């Protein structure tokens, strides 16, 4: 299925036989929808969807190419007997590109499914992840085979091609080391992924290295390589160029609770997340047309069996033209306020809006004028000062706007007006909107009830209740095991945030994974809820929350 959306309208124009009814202009979005809820779930163990897709041939250039992946729990899936797959499985997004009399396979990203038991994955709407795959524009042309997903959950897949000039033209994408599964010992002993020579594209003016690395297996005393952080390094012409650790914090995973050990940190991934991508700008270290030697290496293994662990890896080189804009600040995303599942840990809230900006222009970014607030309401203005080089990003906390009118409209807008004191050159990436989730309304007086767990874990917990100005009105910690606490709360009208922390990042639920090896360590689950004075529950939290709980509420009416 194909259609396109005219900029700033709700007009859908369908395509037949690849022909557009109308001309795409900058800001229009061409939508490809090759996989829907009605597409049959693949059959076979961990089988993936395979689709031949007719990508656009010559309607670019594309300012952005976004892949939208939505997963839904459904009993029609063929993976196992659960609506969502019981276990966490990794899969890739592959595109097969014809090359002479064969095909070359590129990985455009990796993903790990969540643990499916007792999982809520957005209900009928599903849970959405987005991938910026603009860098793959040179290979997303004409007919291509895409291999994606698996049969643990139902998949809905869209490709959004947004017409306009990209940050810089993408000239070529190359596999340095194509995606593969490799033993830790083989990587460390340089048996695989050995030094290779690359001829840089002479007409290019920019280059980037991209690594996607995830650790798996339970070898050695530290359960390498899923549960062990290792150092990875690029060498160029024999000298160290870039070094990074592959490790991901999972305690605040937005998809929770899951039926597994989801809160614990892992090597580059968490259950229900994309695998981390490590991008390094090569441009300052090379000249166009250079021949360079690139070598990927990993820290040496210990003689304790860990070398049998596994890494799944792809390494790619991207070649670009010069930046298309001199002064261009881009709004990457709105974290707060937002109804996106990815940011559900921080919402709802009526506290400081939080956005991500990026320098997409050749000149260093030092000043940005940002206008923001509710749609059809007077906007607040914030002047950001800092120093971002080309492609650098920063999270920006904006002063609290006027929320009056929120009852009538929940659309929040952010717009960049000026960059470095002049009009921003690229209006396509200057405006973003989000939906403001409404907080729950609480009475002026209520009770916070905490029932602690045991096994010496209650002392890991603490809480605060604070106002929009940062003032902490209530706080406590150093709790005793197996004890009930009731805190009477009295607050004036306004917005407040409840923050409950667990220092060990394993929530207040039982340690069920000890049921076979050490049942005496299972313990009991704690309870956490807000109550009216008559005992009616205002809000109850699930005990398997990982690192922390943030809960925004309002005393008095919605403004």
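Numbering (our numbering), first residue to last: 342 to 900. All C-beta atoms in this analysis are idealised placements derived from N, C-alpha and C, irrespective of residue type, glycine included. These figures come from a predicted structure and were not determined experimentally.
Check                                                                                                                                                                                            : Outcome
Since residue 807 sits in a beta bridge, which residues does DSSP pair it with?                                                                                                                  : 813 and 838
Please name the residue or residues paired with residue 829 in a DSSP beta bridge.                                                                                                               : 788
Identify, in the order they occur along the chain, each residue of the same chain with its Cβ nearer than 6 Å to the Cβ of residue 823, setting aside the five sequence neighbours on each side. : 795
In whole angstroms, what separates the C-alpha of residue 600 from that of residue 570?                                                                                                          : 24 Å
According to DSSP, simplified to helix, strand and coil, what is residue 684?                                                                                                                    : helix
What residues are listed by DSSP as bridge partners for residue 603?                                                                                                                             : None; residue 603 has no bridge partner.
Looking at the structure shown, is residue 529 part of a helix, part of a strand, or coil, going by DSSP?                                                                                        : helix
Just to confirm before moving on: does the CB-CB distance between residue 576 and residue 621 stay below 8 Å?                                                                                    : no
DSSP on residue 874, reduced to helix/strand/coil?                                                                                                                                               : coil
Is the region 825-837 in contact with the region 887-900, if contact means three or more CB pairs nearer than 8 Å?                                                                               : yes
According to DSSP, is residue 484 helix, strand or coil?                                                                                                                                         : strand
Give me the Cβ distance between residue 704 and residue 668, rounded to the nearest whole Å; I'm assuming they're in contact under 8 Å.                                                          : 6 Å
List the DSSP bridge partners of residue 566.                                                                                                                                                    : 559
Would DSSP call residue 651 helix, strand or coil?                                                                                                                                               : strand
Taking C-alpha atoms, which residue in 401, 611 and 866 lies nearest to residue 366?                                                                                                             : 401
Which word fits residue 442, buried or exposed, when buried means at least 16 other C-beta atoms lie within 10 angstroms of its C-beta?                                                          : exposed
For residue 429, which residues from the same chain have a beta carbon less than 7 Å from its beta carbon, with the 5 sequence-adjacent residues on both sides left out?                         : 453, 454, 455, 456, 601 and 612
Specify the secondary structure class of residue 418 as computed by DSSP and reduced to three states.                                                                                            : coil
Which residue from 596, 659, 403 and 771 puts its Cα closest to that of residue 504?                                                                                                             : 403
If the criterion is Cβ atoms closer than 8 Å, does the pair residue 411 and residue 501 meet it?                                                                                                 : no
So who's on the other strand from residue 536, going by DSSP bridges?                                                                                                                            : BP columns for residue 536 are empty, so no partner.
Spell out a yes or no on whether the region 415-432 and the region 516-531 are touching, meaning 3 or more CB-CB pairs, one atom from each, closer than 8 Å.                                     : no
What span of residues does the beta strand (DSSP E) with residue 451 cover, start to end?                                                                                                        : 443-453
Per DSSP, residue 407 is paired with what?                                                                                                                                                       : 473 and 501
Would you mind reading off the limits of the beta strand (DSSP E) that contains residue 396?                                                                                                     : 390-396
Taking all protein chains shown into account, do 16 or more other C-beta atoms lie within 10 angstroms of the C-beta of residue 760, making it buried, or fewer, making it exposed?              : buried
Could you give the distance in angstroms between the alpha-carbon of residue 545 and the alpha-carbon of residue 629?                                                                            : 6 Å
Between residue 495 and residue 418, which are expected to be in contact by the criterion C-beta below 8 Å, what is the C-beta distance as a whole number of angstroms?                          : 6 Å
Could you name the residues of the same chain whose beta carbon sits closer than 6 Å to that of residue 471, not counting the 5 residues immediately before and after it, in chain order?        : 407 and 409
Using only the alpha-carbon positions, how far apart do residue 483 and residue 435 sit?                                                                                                         : 16 Å
Taking the beta strand (DSSP E) that residue 628 belongs to, which residues open and close that run?                                                                                             : Per DSSP, residue 628 belongs to no beta strand (DSSP E) and is neither H nor E.
Between residue 786 and residue 716, what straight-line distance do the alpha-carbon atoms span, to the nearest angstrom?                                                                        : 33 Å
Thinking just about the alpha-carbon of each residue, which of 474, 487, 529 and 493 is nearest to the one in residue 514?                                                                       : 474
Inspect the beta-carbon positions of residue 766 and residue 870 and report whether they are closer than 8 Å.                                                                                    : no
Residue range of the beta strand (DSSP E) that residue 432 falls in?                                                                                                                             : 431-440
Please state the DSSP three-state secondary structure of residue 893.                                                                                                                            : strand
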